[in-house]
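Trainee: Following UniProt numbering, the residues of the sequence shown are numbered contiguously, the last one being 284.
Beta carbons are placed, not taken as given, at the ideal position from N, Cα and C, and that holds for glycine.
Supplied in structure tokens, the structure appears directly below.
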Amino acid sequence: MGPFAKDLLKDKVILITGGGTGLGRAMGEAFLELGAKLAIAGRREEVLKQTAGEMGTDGKEVYFKSCDVRDAAQVQELVEAVERHYGKIDVLVNNAAGNFISPTERLSPRAVDAVLNIVLHGTFYATLEVGKRWIEAGHAGTMLNIVTTYASSGSGFVVPSAAAKAGVLALTRSLAVEWARYGIRQVAIAPGPFPTEGAWSRLSPTPELEQKMVDRVPLGRVGSPEELAHLAAFLVSDYASYMNGEVVTIDGGEWLRGAGQFNDLLEVTGEQWDRLAELTRKGK
Ligand code: HXC
Ligand code: NAP
Numbered sequence: 001m002g003p004f005a006k007d008l009l010k011d012k013v014i015l016i017t018g019g020g021t022g023l024g025r026a027m028g029e030a031f032l033e034l035g036a037k038l039a040i041a042g043r044r045e046e047v048l049k050q051t052a053g054e055m056g057t058d059g060k061e062v063y064f065k066s067c068d069v070r071d072a073a074q075v076q077e078l079v080e081a082v083e084r085h086y087g088k089i090d091v092l093v094n095n096a097a098g099n100f101i102s103p104t105e106r107l108s109p110r111a112v113d114a115v116l117n118i119v120l121h122g123t124f125y126a127t128l129e130v131g132k133r134w135i136e137a138g139h140a141g142t143m144l145n146i147v148t149t150y151a152s153s154g155s156g157f158v159v160p161s162a163a164a165k166a167g168v169l170a171l172t173r174s175l176a177v178e179w180a181r182y183g184i185r186q187v188a189i190a191p192g193p194f195p196t197e198g199a200w201s202r203l204s205p206t207p208e209l210e211q212k213m214v215d216r217v218p219l220g221r222v223g224s225p226e227e228l229a230h231l232a233a234f235l236v237s238d239y240a241s242y243m244n245g246e247v248v249t250i251d252g253g254e255w256l257r258g259a260g261q262f263n264d265l266l267e268v269t270g271e272q273w274d275r276l277a278e279l280t281r282k283g284k
């Protein structure tokens with residue numbers, strides 16, 4: 001686990017929504033390596049069962065339970081079950097999400113709800129359910145919300161996701177202040193492109209779109225799940241205990257590439273720069 005002490009997360013009980021696949025699974029694997037006890041949830045029980053079976057070797061503890069985070073009653077049952085199983089929860093990772101690309105004018109109300117209900121309502125329900133219990137029990141804890149870089153900027157063609165993730169970011173920053181007095185920390189990660197099956201099948205379904213995604217990244221590549229998992233491990237660990245309300249971007253510089261007004265000059269060749277230099281120095 002690279003720079004981390006083996007017992008960085010020893011005995012911390014960590015609940016990850018959407019922990020059966022993709023980045024949720026990668027975070028779970030890293031947390032287990034660092035001594036955590038894991039609970040994973042998602043809608044598909046067979047996926048959770050397989051993931052838990054594959055991760056739960058060498059004495060690593062993985063509990064799973066199917067749960068649709070859009071349903072507050074199911075979220076309550078999940079949190080109760082995890083507490084019953086482990087006796088406590090120390091960290092909640094709100095990672096479950098839904099998303100797809102579409103021109104906004106093509107969306108039906110049900111399509112909007114599909115994304116908002118998972119991302120915004122699901123995150124809110126889990127946050128409330130766990131937070132109320134921590135406050136009642138006087139138990140300190142950390143909540144890590146997985147957002148996106150366009151939670152801050154907005155983005156066309158994924159507008160329900162952008163609106164929902166912006167809401168989650170607001171939740172993160174709001175509760176960082178309101179719940180700090182209970183010892184509850186809020187942090188978030190804003191990932192750039194990480195080619196998970198779930199994201200790529202819905203957002204970059206052709207080689208051309210995938211290449212465009214890579215071309216936008218100054219570092220010239222997509223992220224690896226382990227890179228994100230290492231960041232998550234630090235953020236939920238006690239070494240990040242003074243971080244509260246922060247969103248950490250991990251995107252190879254992608255969003256800044258789009259933001260800087262002159263960044264397209266990256267495409268200018270050396271010869272073209274010679275000519276441009278002549279033109280721009282003319283005023284002297
Ligand atoms: C337009 C669509 C659509 C699409 C579904 N709908 N997919 N509309 N384009 N591609 C519409 C349907 O027609 C329907 O509306 C409504 O949405 C609900 O569809 P269901 O299939 O019934 O929804 P449901 O089974 O609830 O599934 C939710 C989902 C699905 C979000 C649509 O994709 C899902 O389960 N996703 C979970 C995993 C996921 O999305 N992972 C990616 C996360 S990546 P009508 O009106 O026809 O009934 C991410 C950030 C990436 O979040 C950033 C990248 C850099
Ligand atoms: P993923 O594998 O599709 O992960 C989404 C997970 O959420 C799945 O395990 C899914 O499991 C679960 N989920 C969806 N709807 C749910 C519901 N209603 N209730 C409970 N669980 C539900 O995609 P990923 O790329 O790993 O995404 C993980 C997180 O990273 C998301 O928050 C996403 O927005 C964020 N992110 C990803 C990228 C990227 O490039 N990959 C970039 C920015 C942000 P079930 O289908 O079994 O329910």
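1. Against chain C, with Cβ distances strictly below 8 Å, would Lys88 count as a contact?
2. Do you know whose CA, among Trp273, Gln211, Ala162, lies nearest Thr148's CA?
3. For Gln76, collect the residues of the same chain with a Cβ closer than 6 Å to its Cβ; drop the 5 residues on either side in sequence, then sort them by chain order.
4. Pull up the CB-CB distance for Ile89 and Gly141, whole angstroms please, since I reckon it's below 8 Å.
5. Since Gly20 contacts Val69 with CB under 8 Å, what's their CB separation in whole angstroms?
6. Shortest alpha-carbon distance to Leu266 belongs to which of Pro218, Glu226, His230, Ser224?
7. Per DSSP, what kind of secondary structure is Ser204 in: helix, strand or coil?
8. The alpha helix (DSSP H) spanning Met27 covers which residue range?
9. Give the straight-line distance between the Cα atoms of Glu54 and Val119, rounded to the nearest whole angstrom.
10. Does the Cβ of Val69 lie closer than 7 Å to at least one heavy atom of the ligand NAP?
11. Going by Cα to Cα distance, which pick from Thr280, Thr269, Pro3, Tyr182 is closest to Ala30?
12. Using DSSP with H/G/I as helix, E/B as strand and the rest coil, what is Leu38?
13. When you compare the CB positions of Ala164 and Met27, do they come within less than 8 Å of one another, or not?
14. Under a three-way DSSP split, which group does Lys65 fall into?
15. Is it buried or exposed, Lys212, if we count other Cβ atoms within 10 angstroms and call 16 or more buried?
16. Any heavy atom of the ligand NAP closer than 7 Å to the Cβ of Thr249?
17. What does a CB cutoff of less than 7 Å around Arg43 pick up in its chain, not counting 5 residues either side in sequence?
18. Is there at least one non-hydrogen atom of the ligand NAP closer than 7 Å to the beta-carbon of Arg173?
19. Express the C-alpha separation of Gln261 and Glu226 in angstroms, rounding to a whole number.
20. Comparing C-alpha positions only, which one of Leu38, Phe157, Glu136 sits nearest to Phe100?
21. Can you tell which of Gly35, Ile184, Ser153, Glu278 has the C-alpha that lies nearest to the C-alpha of Gly138?
22. How big is the Cα-Cα spacing for Trp134 and Leu48?
23. Helix, strand or coil: how does DSSP classify Val247 here?
24. Considering only the alpha carbon of each residue, which of Met143, Leu116, Tyr86, Leu9 lies closest to Met243?
25. Along the chain, where does the alpha helix (DSSP H) that runs through Ala277 open and close?
26. So, does the stretch 188–207 touch the stretch 246–263, judging by three or more C-beta pairs under 8 Å?
27. Leaving out the 5 sequence neighbours to the left and right, which residues in its chain are closer than 7 Å to Arg173 when beta-carbon positions are compared?
28. Three-state secondary structure (DSSP) at Leu128?
29. Rounded to a whole number of angstroms, what is the C-alpha to C-alpha distance between residue 319 and Ala151?
Mentor: The answer reads as follows:
1. Any reference to chain C falls outside this structure, which holds one protein chain only.
2. Ala162
3. Glu129
4. 7 Å
5. Rounded, the Cβ-Cβ distance is 13 Å, inconsistent with contact.
6. Pro218
7. coil
8. 22–33
9. 27 Å
10. yes
11. Pro3
12. strand
13. no
14. strand
15. exposed
16. no
17. Ser66, Asp68
18. no
19. 32 Å
20. Phe157
21. Ile184
22. 26 Å
23. strand
24. Met143
25. 270–280
26. yes
27. Gly245
28. helix
29. Because residue 319 is not part of the residues shown, which for the chain are 1 to 284, the question remains open.
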